[in-house]
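What follows is a single structure, written as structure tokens, with notes after it.
Protein chains: 2
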Amino acid sequence: MDRNLRFATQVKFSPENIQEFSEKLNTLSPIELVDLIESKPPEEKNLIFKALSQNLEVQTFEYLPFRTQKEILNILPSEEIAYLLNSISPDDRTTLLQELPNGLVTHLLKYLSPEERALTIKLLGYPENSVGRLMTPDYLSIKMDWTVKQVLDFVREKGKDSETINVIYAIDDKGVLIDDFRIRQFLIAPLDAQVKDLADYHFLALHVDDNEEKAINVFRKYGRVALPVVNEKNVLLGIVTFDDILAVAVKEDTEDIQKIGGTEALDGPYMEIPFLSLMRKRVGWLIVLFLGEMLTASAMGYFEDEIAKAVVLALFLPLIISSGGNAGSQASTLIIRALALGEITVKDWWRIMHREIYSGIFLGLSLGVIGFFRVSVWSLFTNIYGIHWPLIAVTIFLGLTGVVLWGSLSGSMMPLILKRLGFDPAVSSAPFVATLVDVTGLIIYFSIAKIVLKGTLL
Amino acid sequence: MDRNLRFATQVKFSPENIQEFSEKLNTLSPIELVDLIESKPPEEKNLIFKALSQNLEVQTFEYLPFRTQKEILNILPSEEIAYLLNSISPDDRTTLLQELPNGLVTHLLKYLSPEERALTIKLLGYPENSVGRLMTPDYLSIKMDWTVKQVLDFVREKGKDSETINVIYAIDDKGVLIDDFRIRQFLIAPLDAQVKDLADYHFLALHVDDNEEKAINVFRKYGRVALPVVNEKNVLLGIVTFDDILAVAVKEDTEDIQKIGGTEALDGPYMEIPFLSLMRKRVGWLIVLFLGEMLTASAMGYFEDEIAKAVVLALFLPLIISSGGNAGSQASTLIIRALALGEITVKDWWRIMHREIYSGIFLGLSLGVIGFFRVSVWSLFTNIYGIHWPLIAVTIFLGLTGVVLWGSLSGSMMPLILKRLGFDPAVSSAPFVATLVDVTGLIIYFSIAKIVLKGTLL
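Residue numbers (our numbering), protein chains in the order written: chain A, 27 to 484; chain B, 27 to 484.
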């Protein structure tokens, strides 16, 4: 097997030679094929894919990353697209379709069989990022009065079409979920026992309108392979499997991380996203932050006289406002993550504010003391801060304490306010909070200076 | 059932009343018990836990978050600790022990049976964050010459002790892994078929020394329930199951996000971590950044004459250096995440640098043009920038372009350099990069100003 893979990695496939190598390619596993296809340029990707048997084609397609799936859909003849879309599992199909532009989706839906089309439209009808979009209707459901033998025969017969047979669900005549079973319970039970003998009537289920974040946290907490999805009447609609949840968890975290860094979510690997898309995702926020930061120039213009009289104040300005920005970045990032993990909710704002006031005072005093000594020690050996250095030291101390306290407080409250207003809290990125604190921190610092230095330097 | 849960949520348990409620508590499911225990103060947590039957105790313990597990271990009598530790699954036990201080681990190891102790020490012997620490030896292995009936009988007999029976592994007489099977393959195959008839000799395995990040990416890519773990000789040592991987994935992402925000990883929920621990995790980096940022005061001291002559230069300083910091935060965050997802490696540095030079020029010119117009438009209506405003506009334009380019470049290279030196790339947080760019950006800006404004303002 290894020999064929090594060979396939080295050969350069072309329309002329692909037929003769087709047999060797078909001995590879879907996993080997995915790695092989991904290592090749687009033309060769398509050639390899078309040389596969239909069965292998479907299996390989499901493992391919989205952008390659899209490339391949663009070049396949219609009948192959139809076969492929009808064969992949409904949740993978929904994920694929929801990533495509709307026009293309309508086009692709035409290739589905009436039943598959109805199913896909139904899944696409649930709100984006909802559990409904992630679920598959391929599960096994049984009745409470069946025997273990009946269940096992049923699994043998129907198991091939089911997304997972690790978990089996008992429903009543109206489709209401009554209990969940692991397949192992039936394997180790006597064949003539009844399903109800094994029941404990405890189960965990997701609601079809739950959002992805909630689903991730439930899976993480309870470590399940799959979870049933129900509607308001507890009717079983489908299941969500852990593999889709793991993919969604990583995707959501990537989006959060990118937003915290001050860009829009990239929606693709860094090296593969086209340059202009990358710029579009980055320049927007940079400009917004730039316009916000322009207020610093205006605010400083307001203190221009003070700066002219005491240039020494300007020397410490970046130090003080960036310390406030750093404290704010820390606080906002901690709160964004705790919100995403469900550790805190907006309702906890009062306790969080309490905590961040104490944190801000502690952190502000720590930096304030260091700043005070920086000015004092330098002044003992040089004359750079003039005869009024003790007053400057006090200004730096109070400025740092105030700005860091303000940074912690506004950094922690910003994600909560955004969430409360229905926005994504991750938008209160480190650069966003830093900019906010730059403008306000500058005003705090110069106001303190005006008070402390009045009658001496100012 | 709900009635008992509702009741238990409302009652305040005390040493006096716990016995009489014990029966009702024992009707609850482990999941309900976890939620109940978590909602109560520590004293009650312990009371509830001790009132459970041993079987329920073990199941509930496995679902409890680490800090509650630790609380409970602290109050249980020795024989209960022994029972508990011997009963929970080996991978959960290893995870628990590796979170505890070393002295306590040695203490707890005493409670394990000789076999369980040998096993745990072996698992603890693998490097931290390695697949070896995550694996469990509770899997089912079969031989190629068995029949399907033999396999199913074996599953019925041994399945109870196994972490997962979704996947079953075929090994040879030396323990070398030959193939993996899903339980469904046996359920839908004729009973007299042989294992080798179902084999395809394709399998995916992790190496025992692989790190967690690699394991996460393999699970994410191939959507498996469990993966086998082998050593250099392909001997099957254990399996890793998806539930542990999901937990590790979320933990790693939390650590990365917190580091990107400029704190150390919290290792616990924001609201529950003690105040002083929270401060310790935050003040360290704030001080490091503060000391770094002090260089801005020194660098500005060097340009004090220029500032005194043209205070207008100081007005734009925060705007320019923070724009460089923002561009740097974007670049470093994108690179940190792409590294974690395995999309790029340190070897790609040349291509990344190339991409970020173009990005930096594009983003720098975009902001530079806006800055240029800001000064120009203001100057048409006011006189705040004096008669030399065109030169100031040019200084702002060149300064922004240069500093943003420098920010993008250093922000993208920093994570790669840290990774190359063996550090965690996430340490090059948004605040870290912003501080670095503040100091260097200031020098770039004033140097440009000195050249452009020489003979006029300076």
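Backbone N, C-alpha and C fix where the C-beta goes; we use that ideal spot for every residue, glycine too.
Through-space distance from residue j to residue i, alpha-carbon basis
| i | j | result |
| --- | --- | --- |
| residue 314 of chain B | residue 463 of chain B | 15 Å |
| residue 264 of chain A | residue 84 of chain B | 31 Å |
| residue 231 of chain B | residue 58 of chain A | 13 Å |
| residue 228 of chain A | residue 247 of chain A | 16 Å |
| residue 333 of chain B | residue 296 of chain B | 43 Å |
| residue 38 of chain A | residue 56 of chain A | 20 Å |
| residue 473 of chain A | residue 72 of chain B | 53 Å |
| residue 466 of chain A | residue 368 of chain A | 31 Å |
| residue 114 of chain A | residue 153 of chain B | 40 Å |
| residue 1 of chain B | residue 326 of chain A | In the structure displayed, chain B extends from 27 to 484; residue 1 of chain B sits before or after that span and is not available. |
| residue 302 of chain B | residue 292 of chain B | 12 Å |
| residue 250 of chain B | residue 339 of chain B | 59 Å |
| residue 353 of chain B | residue 364 of chain A | 26 Å |
| residue 426 of chain A | residue 350 of chain A | 8 Å |
| residue 164 of chain A | residue 144 of chain A | 15 Å |
| residue 111 of chain A | residue 51 of chain B | 50 Å |
| residue 255 of chain A | residue 290 of chain B | 38 Å |
| residue 447 of chain B | residue 355 of chain B | 20 Å |
| residue 27 of chain A | residue 202 of chain B | Note that residue 27 of chain A scores 44 on pLDDT, short of 50, meaning its location in the model is unreliable; the coordinates nonetheless yield the value given after this. Distance between the alpha carbons of residue 27 of chain A and residue 202 of chain B is about 18 Å. |
| residue 347 of chain B | residue 276 of chain A | 33 Å |
| residue 476 of chain A | residue 337 of chain B | 18 Å |
| residue 66 of chain A | residue 385 of chain A | 53 Å |
Within chain B, partners of residue i - CB distance below 9 Å
| i | result |
| --- | --- |
| residue 206 of chain A | Simply none; closest approach about 12 Å. |
| residue 67 of chain A | Residues of chain B passing the Cβ test: none, with the nearest at roughly 16 Å. |
| residue 92 of chain A | In chain order: nothing, as chain B lies at least about 12 Å away. |
| residue 282 of chain A | 279, 283 |
| residue 389 of chain A | 305, 308, 309, 312 |
| residue 295 of chain A | 364, 367, 369, 370 |
| residue 374 of chain A | 297 |
| residue 181 of chain A | 210, 213, 214 |
Contact set between residue i and chain B, taken where Cβ atoms lie within less than 7 Å
| i | result |
| --- | --- |
| residue 195 of chain A | Simply none; closest approach about 16 Å. |
| residue 115 of chain A | Per Cβ cutoff of 7 Å: no residues; residue 115 of chain A is ~11 Å from chain B at best. |
| residue 355 of chain A | 287, 288, 456, 457 |
| residue 33 of chain A | Within chain B, no residue comes near residue 33 of chain A; the closest Cβ sits about 17 Å away, beyond 7 Å. |
Beta bridge counterpart(s) of residue i as assigned by DSSP
| i | result |
| --- | --- |
| residue 139 of chain A | The partner list for residue 139 of chain A (beta bridge, DSSP) is empty, contrary to what the question assumes. |
| residue 173 of chain A | A:220 |
| residue 167 of chain A | A:195 |
| residue 203 of chain A | A:197 |
| residue 254 of chain A | A:265 |
| residue 162 of chain B | B:265 |
| residue 233 of chain A | A:256 |
| residue 306 of chain A | Answer is none; residue 306 of chain A lacks a bridge partner. |
| residue 208 of chain A | A:193 |
| residue 156 of chain B | B:237 |
From the options, residue whose alpha carbon lies closest to that of residue i
| i | options | result |
| --- | --- | --- |
| residue 53 of chain A | A:356, A:81, A:67 | A:81 |
| residue 388 of chain A | A:429, A:358, A:369 | A:429 |
| residue 107 of chain B | B:225, B:76, B:467, B:411 | B:76 |
| residue 160 of chain B | B:237, B:324, B:407 | B:237 |
| residue 207 of chain A | A:235, A:178, A:394 | A:178 |
| residue 309 of chain A | B:300, B:431, B:402, B:138 | B:431 |
| residue 119 of chain A | A:137, A:31, A:104, A:103 | A:137 |
Listed by chain order, chain B residues near residue i by CB distance under 8 Å
| i | result |
| --- | --- |
| residue 319 of chain A | 344, 345, 348, 349 |
| residue 392 of chain A | 309, 312, 313 |
Proximal chain A residues relative to residue i, where beta-carbon distance stays under 8 Å
| i | result |
| --- | --- |
| residue 276 of chain B | 242, 246, 275, 279, 367 |
| residue 470 of chain B | Simply none; closest approach about 14 Å. |
| residue 57 of chain B | 228, 230, 248 |
Where residue i meets chain A, residues with beta-carbon distance less than 9 Å
| i | result |
| --- | --- |
| residue 53 of chain B | In chain order: nothing, as chain A lies at least about 10 Å away. |
| residue 301 of chain B | 381, 384, 385, 388 |
Interface partners of residue i on chain A, CB under 7 Å
| i | result |
| --- | --- |
| residue 352 of chain B | 288, 312, 315, 457 |
>> If the cut-off is 8 Å on Cβ atoms, which residues from the stretch 455–466 of chain A count as contacting chain B, listed in chain order?
In response: 455, 456, 457, 460, 461, 464
Q. Going along the chain, which residues of the stretch 395–424 of chain B sit with their C-beta nearer than 7 Å to a C-beta in chain A?
A. 396, 400, 410
Can you pull out the residues from the stretch 117–137 of chain A whose beta carbon lies closer than 8 Å to at least one beta carbon of chain B? none
What residues from the stretch 204–228 of chain A come within 8 Å of chain B, judged by C-beta to C-beta, listed N to C? 209, 210, 213, 214, 226, 227, 228
Practice problem: Could you run through the stretch 321–337 of chain A and flag, in chain order, every residue whose CB is less than 7 Å away from some CB of chain B? | Solution: 322, 323, 326, 327, 330, 333, 334, 337
Taking Cβ-Cβ distances below 9 Å as the criterion, which residues of the stretch 244–273 of chain A are in contact with chain B? 245, 246, 247, 248, 249, 250, 251, 267, 268, 269, 270, 271, 272, 273
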